[in-house]
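Engineer: Those letters in the sequence shown? Residues 1 to 298, by UniProt numbering. All C-beta atoms in this analysis are idealised placements derived from N, C-alpha and C, irrespective of residue type, glycine included. So that we are looking at the same thing, I have put the structure below in structure tokens.
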Amino acid sequence: MSIRHPIISVTGSSGAGTTSVRQIFEQVFRREGVNAACIDGDAYHRYDRAAMKQAITDADRAGEHHFSHFGPEANLLDELQELFRRYGDEGRGRTRHYVHDAAEAEHYGCPPGTFTPWEDLPGPSDLLFYEGLHGAVVADGYDIAGHADLKIGVVPVINLEWIQKIHRDRTSRGYSTEDVMTTILRRMPDYVRYICPQFTQTDINFQRVPTVDTSNPFIARWIPTPDESIVVIRFRNPRGIDFPYLLSMIAGSFMSRANSIVIPGGKLDLAMQLILTPLILQLVDRKRRAGRQEGRES
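Quick look at the structure:
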């Protein structure tokens, strides 16, 4: 953790909705004039798309049927932890981009399913913003969570997470439901070992819960809408959180525990703006005050 070079980490599994949360953060950054260096967790996968398919095939042949992007073997967690450490110390680091589709291929000049070359972060920046699978990992000798100043978990209930993944992969990637089911089963051991434990490290969790029947996510015809959901927001340390203010500002909200507030699903954007904006500004203000203090001392 670093006063001079703060790090915000948003973590959640594939299909959890972290990309939508990233868009909300970007809105706050623009509105408040915060210059954030944004990195994508996909950049720290070990393999490009073709190499990952081959790695899975090789693992299957060796009798290892649970090789997945959720586990450390398929990722560059050393590189990610070093990025967090170096940015916290120096405000510097390096990253790259994973090219997901044709639009990104045109933008980056690399084929879909490949990586751009490694490059230094643009600088200087007010903070580092990470969104991906492993932003709060504490396992196997890694302590990525220990380098982040604000950790956010995006955690829909498991059936909803699967529904979102199934619909995304069928619509944008052309996978069959059976293909997605195979991927889910392959990832399950690493999901339990490396994804779920992160949500005890996060400072705030946003968990979306559908209020319609999602008993069999593999036959769901559509993703439950925000109006068909509630969101449980859990604060690891509720001290300093103005719950009466949040309850007054978010219609239909209520407290379920001393550290948890429940809101209508359609109010997630508003809730995140209300909760996260002051936390972001606190980090930036601390950074700027520390810089001014150092300037006076020098």
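Between the alpha carbons of Q27 and A36, how many angstroms are there, rounded?
Structural biologist: Taking the first residue of the sequence shown as position 1, residue 27 is located at position 27. Taking the first residue of the sequence shown as position 1, residue 36 is located at position 36. In a straight line, the C-alpha of Q27 is about 11 angstroms away from that of A36.
Engineer: Between the stretch 112-128 and the stretch 87-100, do at least 3 Cβ pairs fall closer than 8 angstroms?
Structural biologist: The stretch 112-128, when compared against the stretch 87-100, does touch it at the 8 angstroms Cβ threshold.
Engineer: From what residue to what residue does the beta strand (DSSP E) around D40 run?
Structural biologist: Taking the sequence shown and counting its residues from 1, the one referred to as residue 40 is at position 40. Residues A36 to D40.
Engineer: Work out the CA separation of G109 and R234 for me, nearest whole Å.
Structural biologist: Against the sequence shown, residue 234 aligns to sequence position 234. Against the sequence shown, residue 109 aligns to sequence position 109. Cα to Cα, R234 sits roughly 41 angstroms from G109.
Engineer: I'd like the list of long-range same chain contacts for G93, defined as Cβ closer than 6 angstroms, with 5 residues on each side in sequence excluded.
Structural biologist: Mapped onto the sequence shown, residue 93 falls at position 93. Result list for G93: L83, R86, Y87 and L121, in chain order.
Engineer: What residue does the beta strand (DSSP E) around V99 start on, and which one ends it?
Structural biologist: Counting from one through the sequence shown, the residue named residue 99 turns up at place 99. Counting along the chain, V99 falls outside any beta strand (DSSP E), and DSSP gives it neither H nor E.
Engineer: Taking just the CA atoms, how far does V262 sit from S229?
Structural biologist: On the sequence shown, position 229 is the one that residue 229 refers to. On the sequence shown, position 262 is the one that residue 262 refers to. Spanning the two alpha carbons is a distance of roughly 11 angstroms.
Engineer: Alpha helix (DSSP H) containing A53: first to last residue?
Structural biologist: In the sequence shown, residue 53 corresponds to position 53, counting from 1. According to the sequence provided, residue 53 is Lys. The question's Ala does not apply to it. Taken as a continuous stretch (DSSP letters only), the alpha helix (DSSP H) holding K53 covers R49 to R61.
Engineer: Among Y175, A59, M181 and K151, which has the Cα closest to the Cα of N159?
Structural biologist: Along the sequence shown, one-based indexing puts residue 159 at 159. Checking every option, the nearest Cα to that of N159 belongs to M181.
Engineer: To the nearest angstrom, report how far apart H167 and P210 are at their CA atoms.
Structural biologist: As a first step, residue 167 must be located in the sequence shown, where it is residue number 167. As a first step, residue 210 must be located in the sequence shown, where it is residue number 210. If you take the alpha carbons of H167 and P210, they lie about 16 angstroms apart.
Engineer: Give me, in chain order, the residues of the same chain whose beta-carbon lies closer than 6 angstroms to that of I56; leave out the 5 immediate sequence neighbours on both sides.
Structural biologist: To locate residue 56, count along the sequence shown from 1; it is residue 56. For I56, where only same-chain residues beyond five positions count, the Cβ hits under 6 angstroms are F67.
Engineer: Kindly indicate which three-state DSSP category H45 falls into: helix, strand or coil?
Structural biologist: For the purposes of this step, residue 45 is taken as the residue at position 45 of the sequence shown. Strand, per DSSP.
Engineer: Do you know how far the Cα of I204 is from the Cα of D149?
Structural biologist: Along the sequence shown, read from residue 1 onward, the residue named residue 149 stands at position 149. Along the sequence shown, read from residue 1 onward, the residue named residue 204 stands at position 204. Distance between the alpha carbons of D149 and I204: 12 angstroms.
Engineer: Tell me the rounded alpha-carbon separation between K287 and T19.
Structural biologist: What you label residue 287 is simply residue 287 of the sequence shown in a count that begins at 1. What you label residue 19 is simply residue 19 of the sequence shown in a count that begins at 1. Roughly 26 angstroms between the two C-alpha positions.
Engineer: May I ask you to report which of helix, strand or coil DSSP gives R257?
Structural biologist: Counting from 1 along the sequence shown, the entry for residue 257 is found at position 257. Of the three classes helix, strand and coil, the one that applies to R257 here is strand, per DSSP.
Engineer: Run through DSSP, which three-state label would Q164 get?
Structural biologist: To locate residue 164, count along the sequence shown from 1; it is residue 164. If DSSP states are grouped into helix, strand and coil, Q164 belongs with the helices.
Engineer: For T277, list the residues DSSP reports as bridge partners.
Structural biologist: One-based indexing of the sequence shown puts residue 277 at position 277. Answer by DSSP bridge pairing: none, since T277 is not bridged.
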